[in-house]
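In my numbering, the protein residues as written are 36 to 202.
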């Protein structure tokens, strides 16, 4: 990849498209590796990682950490409970609330992670200078504003789920 291009360069739209390809391809390859090594999709691994970081975490709090709807989170939690990766326990202070803990298969899956379950994107974004991150946000906002058929509902779907299954 060559940089920098100026706005006057006729090939700038193609260069930006190629940047998106690099981002997409890198994420897809990473989440493929996660699923191959751990046996679970990246979004479910991210859930396990958050529960490992905060044992007893509730579904509402977990959904907020992942930026997904609570019903989506509840469905994924049930899948992980059924697979023996998560255990639900009633919280002592409020028996109506459920806390989540890693089950043995969840511990094994976490041990197989090649890196962060969130993928490389959040780490790369966190490493960017604040001014660059704000500029990126504004530029992506402008791009999204011009997208035909744009669907803002995608904002709450984990990238790992959007990138498809490796099989």
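Even glycine gets a Cβ: it sits at the ideal position worked out from N, Cα and C.
Remember, it's a predicted structure, so these values are computed and weren't measured experimentally.
Can you say whether residue i is buried or exposed, counting buried as having 16 or more other CB atoms within 10 angstroms of its CB?
i           : result
residue 142 : exposed
residue 153 : buried
residue 103 : buried
residue 80  : buried
residue 287 : The question about residue 287 has no answer, for the chain in this structure spans 36 to 202.
residue 113 : exposed
residue 84  : buried
residue 69  : buried
residue 144 : buried
residue 173 : exposed
residue 111 : buried
Considering Cα atoms alone, identify which of the options is closest to residue i.
i           : options            : result
residue 77  : 101, 170, 90       : 101
residue 121 : 186, 148, 111, 138 : 138
residue 134 : 194, 87, 104       : 87
residue 119 : 59, 75, 92, 149    : 75
residue 8   : 117, 131, 136      : Absent from the structure is residue 8, since the part of the chain shown begins at 36 and ends at 202.
residue 52  : 110, 190, 91, 175  : 175
Using 8 Å for Cβ pairs, my map puts residue i next to residue j. What's the rounded Cβ distance?
i           : j           : result
residue 65  : residue 155 : 6 Å
residue 73  : residue 147 : 5 Å
residue 192 : residue 185 : Wrong, their Cβ atoms sit about 14 Å apart, outside the cutoff.
residue 115 : residue 82  : 6 Å
Go through its chain and collect everything with a Cβ distance to residue i's Cβ below 6 Å, but skip five positions before and after it.
i           : result
residue 108 : 94, 97, 98
residue 202 : At residue 202 the pLDDT is 45, less than 50, meaning the model places this residue with poor confidence and gives no usable figure here.
residue 63  : 198
Can you list, in chain order, the residues of its chain with a C-beta nearer than 7 Å to that of residue i? Leave out the 5 residues immediately preceding and following it.
i           : result
residue 105 : 94, 95, 98
residue 140 : 118, 119, 120
residue 128 : none
What does a CB cutoff of less than 8 Å around residue i pick up in its chain, not counting 5 residues either side in sequence?
i           : result
residue 151 : 84, 157, 158
residue 196 : 76, 77, 78
residue 149 : 65, 68, 69, 72
Which residue spans inside the region 134 to 186 form an unbroken alpha helix (DSSP H) run of at least 4? Correct list: 139 to 146, 155 to 162, 165 to 180.
Segments of 4+ residues assigned as alpha helix (DSSP H) that fall wholly inside the region 52 to 115: Listed in chain order, the alpha helix (DSSP H) elements of length 4 or more contained wholly in the region 52 to 115 are 77 to 88, 94 to 101.
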